[in-house]
Structures are given as C-alpha cells and as structure tokens.
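Chemist: From first to last, the protein sequence lines are chains A and B. Each residue of the first sequence is one higher than the one before, starting from 96 at the first, in the working numbering. Each residue of the second sequence is one higher than the one before, starting from 96 at the first, in the working numbering. Glycine is no exception: its CB is placed at the ideal position from the N, C-alpha and C atoms. What you are looking at is a predicted structure, and each value in this text was computed from that prediction instead of being measured. One structure is given below, represented as structure tokens, and several questions about it will come after.
Number of protein chains: 2
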Amino acid sequence: MTFRRKTAQRSGVTIKDVARAAGVSDATVSRALNRPDDVSEKTRKLIEAAIAQVSYVPNPIARAMKSGRTYTIGALIPTLDHAIFAKFISSLEAELDKEGYSLVVAVTDADPDLETHKAQKLIDMGIEGLVVSGLAHNNALIEKANRFHIPLVATSYYEPDAQLPTIGYDNSATAQMGLQFLADLGHQKILILHGPTANNDRTLSRIEGLKAQRGTANLEFIETTLDLEGAERALAPNPLEASAIFCMSDILAIGALFHLQRRGLRVPDEMSLMGFDDLEFSAHTNPPLTTIHLPIVEMGQRSAQEICAFLRGDRDITAAELMPEIITRGSTRRAEEPS
Amino acid sequence: MTFRRKTAQRSGVTIKDVARAAGVSDATVSRALNRPDDVSEKTRKLIEAAIAQVSYVPNPIARAMKSGRTYTIGALIPTLDHAIFAKFISSLEAELDKEGYSLVVAVTDADPDLETHKAQKLIDMGIEGLVVSGLAHNNALIEKANRFHIPLVATSYYEPDAQLPTIGYDNSATAQMGLQFLADLGHQKILILHGPTANNDRTLSRIEGLKAQRGTANLEFIETTLDLEGAERALAPNPLEASAIFCMSDILAIGALFHLQRRGLRVPDEMSLMGFDDLEFSAHTNPPLTTIHLPIVEMGQRSAQEICAFLRGDRDITAAELMPEIITRGSTRRAEEPS
DNA sequence: CTGTTAGCGCGTTCAG
DNA sequence: CTGAACGCGCTAACAG
C-alpha cells in the first residue's frame with residue numbers, strides 16, 4: 096500500500112470547528128475534553144458527536160505551549176552499535192515512560208562537533224532534560240544546557256567533584272579492581288586491550304587507573320577499535336607473552352577469545368582473559384567470560400529518576416555512585432608458578 | 096556536583112523582555128534572531144546585548160506553534176536488546192538527522208497494550224511520522240495514525256498489499272531461500288530454531304514460508320526465547336538427528352554454536368549451522384557463521400527518506416522491497432552422502 | 001530598516 | 001453549567 100497524503104500539515108480543524116458544529120463555545124469544548132465532569136452529560140455527547148463529525152484532533156503543540164512542558168528528555172550517546180549503550184537507552188526509556196516522559200535519542204559517533212549539533216537540535220525541540228555519556232564534553236555543551244536551564248546528567252562515570260552531576264561508576268577504580276583480581280591470581284605480565292581513547296574519557300580513566308597501579312604487574316597496552324575485528328587486528332601480530340589479557344570492553348574480550356581459539360591457545364589454561372561490561376554474550380562463550388559487571392540498567396533508571404525528581408521540583412540532581420562487580424567465570428585461572 | 100534548580104519552568108523571559116531592554120519592538124528582536132540581515136548592524140548589536148543581559152532563551156514550543164511543525168518522528172520497536180533493532184534505530188536516526196528531524200524511540204516489549212500506550216504518547220507529543228516493526232498491529236494503532244494524519248511505515252516486512260506501506264524484506268521468501276540453500280547442500284533433515292511467534296509476524300511469516308516448502312526437507316521446528324540461553328535450552332534435550340540447524344535469528348545460531356561446541360559436535364563437519372540477520376558477531380565466531388544478511392541499514396535510511404519526502408509533500412509513501420542475501424561462511428557444508 | 005497588528009490553538013480566568 | 005475574552009511566545013504581514 097501507499098500512504099496517501101490526505102491533508103496538509105496538522106489537519107487544521109480546531110476546537111473552534113468543533114464548537115461551531117456542536118453549537119457551543121470553544122471553551123466548553125475544551126472543558127469537555129479536559130474536565131468532562133464539569134460539563135453536562137447532554138452537551139458532552141453533543142460535543143463528542145461533533146468531534147467525530149469534523150474529525151477533530153487536538154493539537155499537542157498548542158497544549159504544550161500552555162503548559163510550558165514537553166515531557167521530553169534527550170539522550171546523547173556515542174553509538175548504538177555497542178550493546179551496552181542500547182541497554183542503557185532501553186532502561187532509560189522504560190523508566191522515563193513510567194513518569195510520563197518520552198526519550199529522544201541522538202547518536203554522536205563520539206564526534207564533538209556532531210555532539211554540539213545534536214545537542215542544539217535537542218534543545219531547539221524543547222527537551223526538558225539531557226543525559227550524556229561520560230564527562231569530557233566541550234564546555235559549549237555544558238554552558239548551553241546551563242543557559243537553557245536544562246538539567247544535564249553525565250553517565251558511565253562517577254566523579255563527585257565534576258562540573259555536572261555524574262551517575263555511574265568509578266572507571267579508574269573499577270579497572271584497578273579488575274587488575275588486582277588478575278594480580279591476585281598470580282599474573283605478572285598482563286596485556287591490556289582497550290578501545291579508542293580519543294573523545295572517550297571513560298576509557299581514558301580506566302587506563303589511567305591501570306597505569307597508576309603499574310607496580311602490581313607488568314602491563315602492556317594496546318589500543319584498537321571497539322569491535323571484534325579490532326581485537327583480531329590488535330592480537331594477530333602480538334607474540335602474546337603475557338599470561339593474561341584484560342580487555343576494557345567485553346566486545347574486545349570476546350574478539351580476543353575467538354582469536355585465541357583460532358590461534359590454538361586454550362583459555363584459561365594457556366591464557367587468562369578478563370572483560371569489562373558483562374554483555375549477555377559473555378556468559379555463554381566457551382569458556383564463559385570472567386568480567387566486570389557494569390550496573391547499566393540501574394544507571395538508566397537512576398538517571399531517569401533524578402531528572403524527573405528535579406523536574407518535579409522535588410530536589411536537586413545529585414551524583415550517584417553505582418558499583419560494578421567482578422563476575423568470576425571460566426576464562427581466568429591462577430597463573431602457572433614460574434618453574 | 097549537584098545540579099541546582101535555578102528557575103521554575105522555562106525561564107519565563109520572553110522576546111518582549113528583550114525588546115524592552117533593547118528599546119525596540121518584539122518583532123525586531125524576532126527578526127534579529129531569524130533573519131539577522133534584515134536588521135541594521137547597530138540594533139542587532141543592541142539586541143544581542145539585551146539578550147545576554149536578560150538572559151533570554153527562545154521558547155521552542157512557541158516556535159513550533161507558529162510553524163505547526165515539530166520535526167519529530169517516532170519509532171515503535173519491540174526491543175533494543177537485540178542488536179538488529181539497535182542498528183536499525185541508529186540508521187534511522189542518522190538519516191532523519193540529515194533532514195532535520197529528531198527521533199523519539201519507544202520500546203514496546205512486543206506487548207500490544209504497551210504499544211498502544213506508547214503510540215498514543217508519541218502522537219500526543221506531536222510526532223509527524225511513525226515507524227513500526229512488522230505488520231501485525233492492532234487496528235487501533237493504524238486507525239489512530241490515520242485519524243491524526245500521521246504517516247505510518249511498517250518495517251522488517253515487505254507486503255505490497257498490506258494496509259500500510261511496508262519497507263523491508265519478504266520474510267517468507269527469505270526463509271525459503273535459506274532452506275533451499277541448505278537443501279542444495281544435501282541436507283535432508285533440518286532443525287528449525289526460532290524465537291517467539293506471539294505478536295511477531297516476522298517470525299511467523301518465516302515459519303510459514305518454511306512450512307510451505309516442507310517437501311524440500313524433513314523439518315523439525317523448535318520455538319524458544321530469542322537469546323543465547325534460549326538456544327541452549329532448546330537444544331540441550333534434543334538428540335540432534337538433523338544434519339543442519341537453521342536458526343531464524345543469528346543470536347540463536349550463535350547460541351547453538353556455543354552449545355554444539357560444549358557438546359563436542361564439530362561445526363560444520365558434524366552439523367551445519369545457518370543463521371538469519373548477519374550480526375557483527377556472526378563473521379567472527381569459529382567457524383564464522385553462514386547466514387542471511389538483512390538490509391537493516393538501508394531499511395532505516397529508506398524509511399527516513401520516505402517519511403521525509405512525504406512530509407515535504409513530494410510524494411506518497413510507497414512500499415519498498417529490500418533484498419536479503421545469503422552470506423556463505425564456514426558453518427555450513429555439504430551433507431554426507433548416505434552410505 | 002523598523003514598528004504595529006494580528007493571529008497560531010488552546011486553556012483559563014471571570015461573568016453570567 | 002456555559003460563554004466571552006484574554007494571553008501563552010513567537011512570527012508574518014503590512015505599513016511607515
């Protein structure tokens with residue numbers, strides 16, 4: 096079928112047309128629509144008939160204009176191709192819906208210019224709140240949100256002293272926790288595989304945390320693209336002298352696992368492997384992946400709740416630290432004692 | 096940091112306040128904002144100063160009220176947890192952005208009631224177009240969109256005779272194509288693994304296509320949940336007498352692969368495995384997965400283009416068939432000749 | 001180049 | 001219970 100244009104923009108029939116058709120005033124129609132109890136049974140029926148007859152449909156914009164509210168929240172995310180962001184958006188949207196808000200998503204591809212552009216677009220369309228990923232945003236964005244009095248929340252990050260409220264986890268400490276886990280298993284030489292650091296403060300923070308703990312183990316860092324292919328490319332030319340690989344993202348860990356399998360290296364016997372995210376996939380690989388579970392769903396919920404509470408006027412938005420957790424599965428084991 | 100409420104709703108300073116502060120009329124302020132060239136350098140400066148002074152911020156809703164447009168499109172999708180939908184949304188959003196539109200996403204969990212609820216919410220907020228997944232939608236939804244003169248596009252489906260324009264592929268024919276591929280390899284007994292059929296016309300259509308081709312091979316159908324766990328649960332109790340498993344979704348195929356690995360069955364030597372979707376993962380498993388590539392990105396782009404063209408008044412929305420394609424990789428091989 | 005006037009569609013006074 | 005009138009914030013038309 097083809098959808099045929101029936102009318103120009105928004106049908107054009109207004110409350111006035113209904114009023115005329117029903118032989119009442121527009122105010123009465125408005126009332127019949129908003130507070131039916133204040134209208135007599137009889138005229139209400141009359142109006143309903145008129146509405147159907149002239150096929151009236153209320154104009155949401157005019158409504159919003161009166162209330163001054165759009166019940167719309169924006170989210171600026173670097174990508175949707177990574178399951179972790181999809182899950183976050185999903186959780187955010189579900190929680191916002193409970194409070195009557197809708198979610199507009201804008202993908203930035205981790206490009207600051209695109210981010211600025213989309214932020215402006217979101218603001219222009221009247222969002223009442225904005226959620227972004229990470230902390231490293233051009234000041235233009237922060238200032239803009241401020242100027243428009245739009246509450247801004249940074250997620251995937253926890254930093255109580257930041258310029259804007261953060262709802263997330265401590266990337267640095269979490270990476271350190273993972274490293275410690277591996278070190279405690281006796282791993283001395285560890286390969287760190289991570290995604291792009293450009294415009295990605297989450298990754299940067301993880302790496303910094305790791306570097307600060309250099310004493311713990313001998314660390315080698317490799318940066319690559321954040322996909323399975325990236326893991327392959329990073330590891331293929333590597334002699335793999337480490338006894339463990341710690342990936343700053345499960346997608347890389349899974350890519351590493353596939354690579355190691357192809358290379359004939361057994362995990363965890365010949366190589367321990369640890370991830371970061373806890374994707375659905377990670378629990379099902381062979382062996383299942385030891386990883387760090389990120390509280391993504393809670394992050395979405397919490398972000399929504401904070402913004403909604405703020406908009407309701409209940410309270411200011413406060414930063415919140417959510418706790419990641421190590422999930423021990425089969426891809427890690429104690430390092431061989433040096434013989 | 097905590098975000099402190101500075102002001103009640105939308106700051107309240109209007110174009111009038113600016114006009115007063117600058118000593119000009121409101122129309123001039125409006126002009127200075129929208130067509131700066133029509134205003135003298137001098138008064139423009141004056142106005143800019145006034146804007147900063149009273150910290151004016153334009154009200155997008157009032158703007159929308161004049162133009163009658165919101166430049167917002169809604170998408171109703173069953174889930175974001177499945178990468179295929181995330182990718183679709185991503186592509187849709189990117190293309191809509193090019194035309195100046197924003198995308199509001201609403202997740203329905205494949206629940207008709209939720210779908211109705213969210214559809215209404217989207218309409219109430221003033222979307223100008225709506226994209227849904229699949230064809231099986233309660234008439235209420237279709238009728239509603241019609242009543243509000245909102246163009247509606249159904250995706251992941253192609254059905255030229257449907258009630259609403261579809262942009263997608265022929266699920267039935269595509270499944271048949273996959274089956275034929277396996278049959279041509281000599282597979283006589285094939286296990287079909289598929290996701291829930293309830294409220295999912297895409298899956299239903301694939302199954303129907305397969306059943307219509309029953310003559311081609313001996314088919315056994317198993318329904319399960321659409322996740323890795325689902326594949327595991329479905330296959331664990333199965334004796335696996337088939338020589339090939341055809342999964343109606345890559346996620347199931349990958350789950351199946353993991354299961355077979357654990358079970359010690361070699362793919363493709365002892366079991367051929369074929370998917371449906373072509374996720375990023377599928378190209379990287381061991382062995383890489385033979386699957387059917389779905390034109391998801393094109394689907395998003397095309398949907399956006401059709402809606403935008405329609406809204407521009409250029410033309411009606413017409414259905415479009417996009418062609419899936421078999422991607423032959425390592426998980427399938429010719430069946431052993433019966434000895 | 002700038003000011004005045006007149007609404008956009010709706011909800012909300014305030015009278016009746 | 002109902003109607004008349006006003007105004008939300010902004011912009012398009014028309015004068016000047």
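When DSSP builds the beta bridges, which residues end up paired with Gly224 of chain B?
Modeler: In DSSP, Gly224 of chain B forms a bridge with B:Ile168.
Chemist: Pull the bridge partners of Glu194 of chain A from the DSSP assignment, please.
Modeler: Paired residues: none, contrary to the question.
Chemist: Under 8 Å, with one C-beta from each stretch per pair, do the region 114-129 of chain B and the region 416-424 of chain A reach the 3-pair mark?
Modeler: The region 114-129 of chain B vs the region 416-424 of chain A: no contact.
Chemist: Alpha carbon to alpha carbon, what distance is there between Ile172 of chain A and Thr109 of chain A?
Modeler: Cα to Cα, the separation comes out at about 38 Å.
Chemist: With distances taken Cα to Cα, identify the nearest neighbour of Arg309 of chain A among A:Gln275, A:His177 and A:Thr203.
Modeler: If we check each option's Cα against that of Arg309 of chain A, A:Gln275 comes out closest.
Chemist: Rounded to whole angstroms, what's the CA-CA distance from Thr320 of chain A to Asp208 of chain B? Just pull it up for me.
Modeler: Each residue's alpha carbon lies about 41 Å from the other.
Chemist: Report the residues of the region 343-360 of chain A with a CB closer than 7 Å to any CB of chain B, ordered along the chain.
Modeler: The region 343-360 of chain A vs chain B, Cβ under 7 Å: Gly350, Phe353, Gln356 and Arg357.
Chemist: Thinking just about the alpha-carbon of each residue, which of A:Glu238, A:Val392, A:Ile218 and A:Met369 is nearest to the one in Thr250 of chain A?
Modeler: For the residues A:Glu238, A:Val392, A:Ile218 and A:Met369, the minimum Cα distance to Thr250 of chain A belongs to A:Val392.
Chemist: At 8 Å on the CB atoms, spell out the chain A contacts of Val113 of chain B, in chain order.
Modeler: Within chain A, no residue comes near Val113 of chain B; the closest Cβ sits about 14 Å away, beyond 8 Å.
Chemist: Applying a beta-carbon distance threshold of less than 8 Å, which residues of chain A neighbour Asn381 of chain B?
Modeler: Near Asn381 of chain B (Cβ distances below 8 Å), the residues of chain A are Phe353, Gln356 and Arg357.
Chemist: What do you reckon, are the CB atoms on Val449 of chain A and Leu198 of chain B nearer than 8 Å?
Modeler: With chain A covering only 96 through 434, there is no way to say anything about residue 449 of chain A.
Chemist: Spatial neighbours of Phe353 of chain A within its chain, please: CB distance less than 7 Å, with the 5 preceding and 5 following residues excluded, ordered by chain position.
Modeler: So the qualifying residues of the chain are Leu323.
Chemist: Rank A:Asn233, A:Val119, A:Ile237 and A:His212 by C-alpha distance to the C-alpha of Gly224 of chain A and give the top, closest one.
Modeler: The option with the nearest alpha carbon to Gly224 of chain A is A:Ile237.
Chemist: Which residues in chain A have a C-beta closer than 7 Å to the C-beta of Ala157 of chain B? List them in chain order.
Modeler: Simply Met160.
Chemist: The beta strand (DSSP E) that contains Thr261 of chain A, what's its start and end?
Modeler: Where Thr261 of chain A is concerned, the enclosing beta strand (DSSP E) stretches over Thr261 to Gly263.
Chemist: Could you check whether the Cβ of Tyr166 of chain B sits closer than 8 Å to any Cβ belonging to chain A?
Modeler: At least one chain A Cβ lies under 8 Å of Tyr166 of chain B.
Chemist: Could you name each continuous alpha helix (DSSP H) segment of 4 residues or more that falls completely within the region 110-187 of chain A, going from the start of the chain to the end?
Modeler: Counting only runs of 4 or more, we get 110-117, 121-129, 136-149 and 155-162.
Chemist: Can you tell me the Cα-Cα spacing of Asn241 of chain A and Ala257 of chain A, whole angstroms?
Modeler: Those two C-alpha atoms are separated by around 15 Å.
Chemist: Quick one: list the residues of chain A neighbouring Asp182 of chain B, beta-carbon separation under 8 Å, in chain order.
Modeler: In the sequence on display, residue 182 of chain B carries Lys and not Asp. Residues of chain A passing the Cβ test: Leu175 and Asp176.
Chemist: For my contact list, Thr423 of chain A and Thr385 of chain A are in at a C-beta cut-off of 8 Å; report their separation, rounded to the angstrom.
Modeler: Correct: roughly 5 Å between the Cβ atoms.
Chemist: Using a Cβ-Cβ cutoff of 8 Å, what residues of the region 198-221 of chain A are near chain B? List them in chain order.
Modeler: Per Cβ criterion, the list reads Leu198, Val199, Val200, Ala201, Val202, Lys213, Lys216, Leu217, Ile218, Asp219, Met220 and Gly221.
Chemist: Counting only Cβ-Cβ distances shorter than 8 Å, please list the residues of the region 289-322 of chain B near chain A, keeping chain order.
Modeler: Per Cβ criterion, the list reads Asp322.
Chemist: CB Leu277 of chain A to CB Ile285 of chain A, shorter than 8 Å?
Modeler: Taking 8 Å as the Cβ cut-off, Leu277 of chain A and Ile285 of chain A qualify as a contacting pair.
Chemist: Closer than 8 Å by C-beta to Glu315 of chain B: which residues in its own chain qualify, once you throw out the five before and the five after it? Chain order, please.
Modeler: Only Lys284, Ile285, Leu286, Ile287 and Ala337 meet the Cβ criterion.
Chemist: I want to see whether chain B comes within less than 8 Å of Val108 of chain A, judged by CB atoms only; does it?
Modeler: By this cut-off, Val108 of chain A is not an interface position.
Chemist: Going by C-alpha to C-alpha distance, which of A:Ile387, A:Thr261 and A:Pro383 sits closest to Ile179 of chain A?
Modeler: For the residues A:Ile387, A:Thr261 and A:Pro383, the minimum Cα distance to Ile179 of chain A belongs to A:Ile387.
Chemist: With DSSP as the reference, please indicate the residues paired to Cys342 of chain B in a beta bridge.
Modeler: Looking at the DSSP assignment, Cys342 of chain B forms a beta bridge with B:Leu288.
Chemist: Consult DSSP for Ser267 of chain B and reduce its assignment to one of helix, strand or coil.
Modeler: It is helical.
Chemist: Who are Leu247 of chain A's beta bridge partners in DSSP?
Modeler: Answer is A:Leu225, bridged to Leu247 of chain A.
Chemist: Count the other C-beta atoms from every protein chain shown that fall within 10 angstroms of the C-beta of Pro131 of chain B, then say buried if there are 16 or more, exposed otherwise.
Modeler: Exposed, by the Cβ-count rule.
Chemist: Which whole-angstrom value is the C-beta distance of Ala326 of chain A and Ala351 of chain A, which I expect to be below 8 Å?
Modeler: The Cβ separation is near 5 Å, so the contact holds.
Chemist: Return the chain-ordered ranges of every beta strand (DSSP E) run that is complete within the region 298-375 of chain A and spans a minimum of 3 residues.
Modeler: Listed in chain order, the complete beta strand (DSSP E) runs (minimum 3 residues) inside the region 298-375 of chain A are 313-318, 339-342 and 367-369.
Chemist: With H, G and I counted as helix, E and B as strand and the rest as coil, what does DSSP make of Leu257 of chain A?
Modeler: What sits at residue 257 of chain A in the sequence shown is Ala, not Leu. In the structure shown, Ala257 of chain A sits in coil (DSSP, three-state: anything other than H, G, I, E or B).
Chemist: Return the Cβ separation of Met343 of chain B and His289 of chain B in integer angstroms, given the expectation that the two are a contact with Cβ distance under 8 Å.
Modeler: The pair is a contact, with the Cβ atoms about 4 Å apart (cut-off 8 Å).
Chemist: Taking 8 Å as the CB-CB limit, is Arg424 of chain B close to chain A?
Modeler: No, because no Cβ of chain A sits closer than 8 Å to the Cβ of Arg424 of chain B.
Chemist: Below 8 Å between beta carbons is the criterion; list the residues of the region 389-420 of chain B that meet it against any residue of chain A, in chain order.
Modeler: Hits within the stretch, in order: Phe405, Gly408, Asp411, Ile412, Thr413 and Ala414.
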